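When you read off a place in the first sequence, starting at 1, and then add 15, the result is the number in this note's numbering. Ideal placement from N, C-alpha and C gives every residue a C-beta, glycine not left out. These numbers were taken from a predicted model, which means no experiment stands behind them. Notes for the one structure printed next.
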Amino acid sequence: MFALSNWDDGLTETQRAVATHGEGALVVAAGAGTGKTRTLIARLAHLLERGAAPERILLLSFTRRAADDMLGRASALAGSGAGRLAVGGTFHSVAHRVLSANPEVVGLPPGFGVLDPGEVVDLMDLLRAEHGLAGITERFPRASTLATIYSRCVNRGEALGVVVPTEFPWCAGHVEAMGELFRAVTARKRDTGVVDFDDLLLYWRALLIADERRHFDYVLVDEYQDVNQIQVDIVRALAPDGRGLTVVGDEAQAIYGFRGADSRHLRELLTQLPDARVIALERNFRSHQGILDVANTVRPTEGGPSIRLEAARGPGAAPRLVHSHDAPGEARAIVDAILAAHEEGVALREQAVLVRAGHHSDLVEIELSARHVPYRKYGGLRFLEAAHVRDFIAAARLVDNAHDEVAWYRLLRLHPGIGTSRARGLLEVVRAQPRDPLSHWADVVLAAPTSVRESLADTLRTLAQARERVLADARADAVLDALRPLIRAHYPDSPARLGDLERLVSAAGLSARLSDWLAELTLDPPASTSDLAGPPELDEDYVVISTIHSAKGLEWSHVHVPHVIDGVIPIDMALGSAEGLAEERRLFYVAITRARDRLSLYAPMRLAHHRRALDDRHSYALLSRFVDDVVAAGLVIEESAPSREAPTAPTRHAVVDLDALWRAEATGPAPTP
DNA sequence: GGTAACTGGGTTTTT
DNA sequence: CCCAGTTACC
């Protein structure tokens, strides 16, 4: 029996109904800020108290941050030292855990590698060339496009012939060649003992279908509106009759359509499980009513149970729409507001800037830096996308699985004198090697041009020796030893990059197996290098910058949304279809509902931050088409005050210059600088 | 033939 | 800032 006191303290009657629901399938329609995670955790506590075995309860979520949040709260519930309360994580991380425990069941070697999405593109490129599709005689989709199409087919469970004509019509002439290429990709991954993100789900599903025993008594799925077909299959296989299944979702927050997610799965579940109980959580504990009034006008109404958010917290301050002259003015207005709130006692980490795409915060970041305001950015450029980190992971994967061709390809090209072409040639040697290619590295070295033999031999010898080390951190150390000279020769800023890798390696000690650690790193990369520096100081304070996608499930006291203009929110590439536009509206809804106390939307009148902005027709921004609704809901419109003080951010000089030029062009010849 | 250094043009969202 | 395309060197 667990000591889980007070889990139902302060739960509403509806929330308690969710927490204490019995065995049958349960679908919770939870609006934003209605305490859904808290309620799920209360349900977990209730189940444990009634004697459910923790290792037979599975908590699943689509996004990493939601999974972390859920698991973090679950362990807080147990108090320190109580160990794990349930099995849980993202679909992908749980799949990896299941598969790495029994890889042979699905025909994978122990220590199989997980390719990150960038490496899938490398593999596509490799096979694209092998199949003679890389020539310039006829245009063929680029490797990254191919990888997107491939992933879409897998995640939607739809054939190439369906996906390509409807979503990638410009590639329609190549369906046959693509099919052949994709079959080769699948075979190559199998032959070399690697899987990609999609394969993790495919293998897990296969495992579940082959093995009909139930492994979990209770399956709790969060963010169900963001699951795609293959994830639906997995959930259905985990709980075929719906017994013990709880799903939580909100169709209005479905924002992963581009990954093959479809919020209709939530409704379909009700058709498939007609006995499922449905409970709606509508009382919002997060935001003041002023913010929810705005949210309710933006909230899409089509389909699903209609939810109108009602605040438990009173009216609060009216949300603002701040007009500024241009994008740098917008950045200034945001930082002004952040610092003003900070003066009033709102911590920086209680304030977030939420953007549609990573680069939309560029100017805000410059302004924050210029004014010495610390910030942390989530969801932008990933640590894992840094070239040297990918180099390291690839090299480390070879230690566990010497047949990993994508890893070989990357490692080989890191040597001066080996480019794409020679690397491909050497890959043939690796593949032809009947024995273990890393133990017999001399054959690979002999096939290389004389000029690189020495450095290649050094690398491979050190890597081969890494296998004699048993512990994950010792192995990682040895891998870094092998890489050090290559990184020095390859990157001009090698000291910083090596510093990153030292920190990365020191984190490996916590893992038992190097391959498991690498997979975890690939599936759940640290948001930034600073995350590796250990637990942050308690008094450390910073503004949070995040994409709206990465902000889902989180909340801040003050939320700032820059660029509420057509072309950004909604983003121009989504305007082609009604479905795309609808998703942009839901995304805007997610952004709005992150704010507890103060919501500020920003609309610059033009985006004059590029040199060519003057001749760019899009220089003058259109207010977002969603703004009309928001204004009708009582939003206050403000003009950002033109700043009279000396310019602080470097970009401001550029803007001032541009204005001068513009006036000069309008009245006469531009003055010579 | 292959590599590397240079140039110019473009950039959604995530596991 | 990263990719593709081009050119100059080995």
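Runs of the alpha helix (DSSP H) lying entirely within the stretch 47-83 and spanning at least 4 residues, in chain order: 51-64. Considering only H403, T160 and D137, the residue with the shortest C-alpha distance to W185 is T160. Residue I586 holds the alpha-carbon nearest to the alpha-carbon of L596 among I586, V605 and Y604. For the set A589, D419 and D351, the Cα lying nearest the Cα of V558 is the one of D351.
Rounded to whole angstroms, the separation of the alpha carbons of V247 and V642 is 35 Å. Between the alpha carbons of I245 and G275 lies a gap of roughly 9 Å. From the listed residues R65, L55, I563 and H189, the smallest Cα separation to S76 is found for L55. The C-beta separation of H303 from R328 comes to about 5 Å, placing the pair in contact by the 8 Å criterion. D137 is classed as buried because its beta carbon has at least 16 other beta carbons within 10 Å across all chains shown.
When DSSP reads this structure, G103 sits in a beta bridge with L74. In the DSSP assignment, Y617 falls within the beta strand (DSSP E) that extends over A610 to P619.
Leaving aside the five residues that flank R364 on each side, the residues in its chain whose CB is nearer than 7 Å to its CB run, in chain order, D556, Y557 and V559. In this structure, DSSP gives N311 a helical state, which the three-state scheme calls helix. Excluding residues up to 5 positions away in sequence, A479 lie with their Cβ nearer than 7 Å to the Cβ of S454 in the same chain. Nearest neighbour of I408 by Cα position, chosen from R282, A523 and V200, turns out to be A523. Going by C-alpha positions, R428 is about 5 Å away from G434. Per DSSP, the unbroken beta strand (DSSP E) holding V559 starts and ends at V558 to T562. R484 sits close to A493, with the two beta carbons spaced by under 7 Å.
Exclusion of the five residues before and after A589 leaves G595, L596, E598 and E599 as the residues of its chain whose Cβ lies within less than 8 Å of its Cβ. DSSP places V388 outside both helix and strand once states are collapsed to three, so it counts as coil. According to the DSSP secondary-structure assignment, N299 is paired through a beta bridge with A326. Nearest in C-alpha terms to A402, of all of R298, S509, D458 and H357, is S509. Bounds of the alpha helix (DSSP H) holding G133 are P132 to E145. The three-state reading of DSSP puts W423 in helix, counting H, G and I together. Check the Cα spacing between T312 and each of A348, E173, V605 and E517: the tightest is with V605.
When the beta-carbon positions are compared, I580 and V309 stay at least 7 Å from each other. If you ignore the 5 residues before and after A481, its C-beta comes within less than 6 Å of the C-beta of V414, R490, A493 and V494, all in its own chain and listed in chain order. Residues T562, I563, H578, V583, I584, I586 and L602 of the same chain have their beta carbon placed closer than 8 Å to that of R371, with the five preceding and five following residues left out of the count. Membership of Q287 in the alpha helix (DSSP H) is indicated by the continuous run R279 to Q287. By the Cβ neighbour-count rule, S436 is exposed, with fewer than 16 other Cβ atoms within 10 Å of its own. Residue state for I408 is assigned as helix, using DSSP reduced to three classes. When the beta-carbon positions are compared, V576 and L369 come within less than 7 Å of each other. For H387, the number of other beta carbons within 10 angstroms of its own is below 16, and it is reported as exposed. Taking a 10 Å sphere around the C-beta of A187, we find fewer than 16 other C-beta atoms and assign the residue as exposed.
Look at G128 here: in three-state DSSP terms it is strand. In this structure, the straight-line span from the alpha carbon of D84 to that of E134 is close to 29 Å.
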